[in-house]
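One structure below.
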Amino acid sequence: EPEVTQTPSHQVTQMGQEVILRCVPISNHLYFYWYRQILGQKVEFLVSFYNNEISEKSEIFDDQFSVERPDGSNFTLKIRSTKLEDSAMYFCASNRGLAKETQYFGPGTRLLVL
Amino acid sequence: GQNIDQPTEMTATEGAIVQINCTYQTSGFNGLFWYQQHAGEAPTFLSYNVLDGLEEKGRFSSFLSRSKGYSYLLLKELQMKDSASYLCAVRDQKASGSARQLTFGSGTQLTVLP
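These protein sequences, in sequence, are chains A and B. Numbering (my numbering) for the first sequence: 1 to 114. Numbering (my numbering) for the second sequence: 1 to 114.
Here it is in structure tokens:
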């Protein structure tokens, strides 16, 4: 069964550095999402992406964040200048956008900002 | 916006039945999802309700009352492996497109005891 994949599984970075988190959505999916989950807290929506542009974004998704679909398979989340509070698990999700369809989550990237 | 409430923790015994409640207040509604999340892992889809009533799927059932802004997840014949966090998530209503974000509750940590 096809799955969403994410790389790396873990990333440690210094405050102020740029990080790029990578996702490969399921191949016939059209809608892509990023969520984050700070340790011990709820899963929070960051951004949705469709037809090569951002569809919706939350208040968390400020100018430090950007998303890109650089080719036909990858979907990336870039954090330009990381802060300590960006430490979290970042989940990518995708779906076809059907009425009763769930979003399929990848295994996540655990980001630690020191 | 969305506000979703669920109990923080529940404990039950192997073989028993447990009901996890979720209440929501939303500005738009296009379905309610239940996910299971083991520590350090991605949410995995359990059930979806968009109309009032009960949806049954093996040992798991989910109920929705839109007028009351209320849902529950019922787990029967509990097994040790059911120990996990159970997340209630509401999908937004959007005027166009289907890239609808999910808003998650904080999750209910279920512990199944032998």
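Where is the CB? At the ideal position from N, CA and C, for every residue including glycine.
| Item | Value |
| --- | --- |
| Assigned secondary structure, Glu53 of chain A (DSSP; H/G/I helix, E/B strand, else coil) | strand |
| Every unbroken alpha helix (DSSP H) within the region 44-73 of chain B, with a cutoff of 4 residues, ordered by chain | none |
| Element boundaries [beta strand (DSSP E), containing Val18 of chain B] | 18-26 |
| Neighbour-count burial assignment, Asp63 of chain A, 16 or more Cβ in a 10 Å radius | exposed |
| Contact residues within the region 8-29 of chain B, judged by C-beta distance below 7 Å to chain A | none |
| Supposed close pair Phe33 of chain B, Arg100 of chain B - CB separation, criterion 8 Å | The pair is not a contact, with the Cβ atoms about 11 Å apart (cut-off 8 Å). |
| Candidates A:Leu111, A:Ser58, A:Glu3, A:Phe105, of which the one nearest Tyr82 of chain A by Cα | The sequence given here places Thr at residue 82 of chain A; Tyr does not occur at that position. Of A:Leu111, A:Ser58, A:Glu3, A:Phe105, the residue nearest in Cα terms is A:Leu111. |
| CA-to-CA distance, Asn3 of chain B to Thr26 of chain B, given in whole angstroms | 6 Å |
| DSSP three-state assignment for Lys100 of chain A, whether helix, strand or coil | coil |
| Selected residue, minimal CA-CA separation from Ala99 of chain A, among B:Pro114, B:Gly107, B:Tyr48 | B:Tyr48 |
| Continuous beta strand (DSSP E) stretch holding Ile20 of chain A: start and end | 19-24 |
| Residues of its chain near Asp82 of chain B, where Cβ-Cβ distance is below 7 Å and the 5 sequence neighbours each way are ignored | Leu75, Leu110, Val112 |
| Any 3 or more C-beta pairs closer than 8 Å across the region 30-46 of chain A and the region 74-94 of chain A | yes |
| At least three beta-carbon pairs within less than 8 Å, the region 7-24 of chain A to the region 71-88 of chain A | yes |
| Residues in the region 31-44 of chain B having any Cβ partner in chain A nearer than 9 Å | Gly31, Phe33, Tyr35, Gln37, Gly40, Glu41, Ala42, Pro43, Thr44 |
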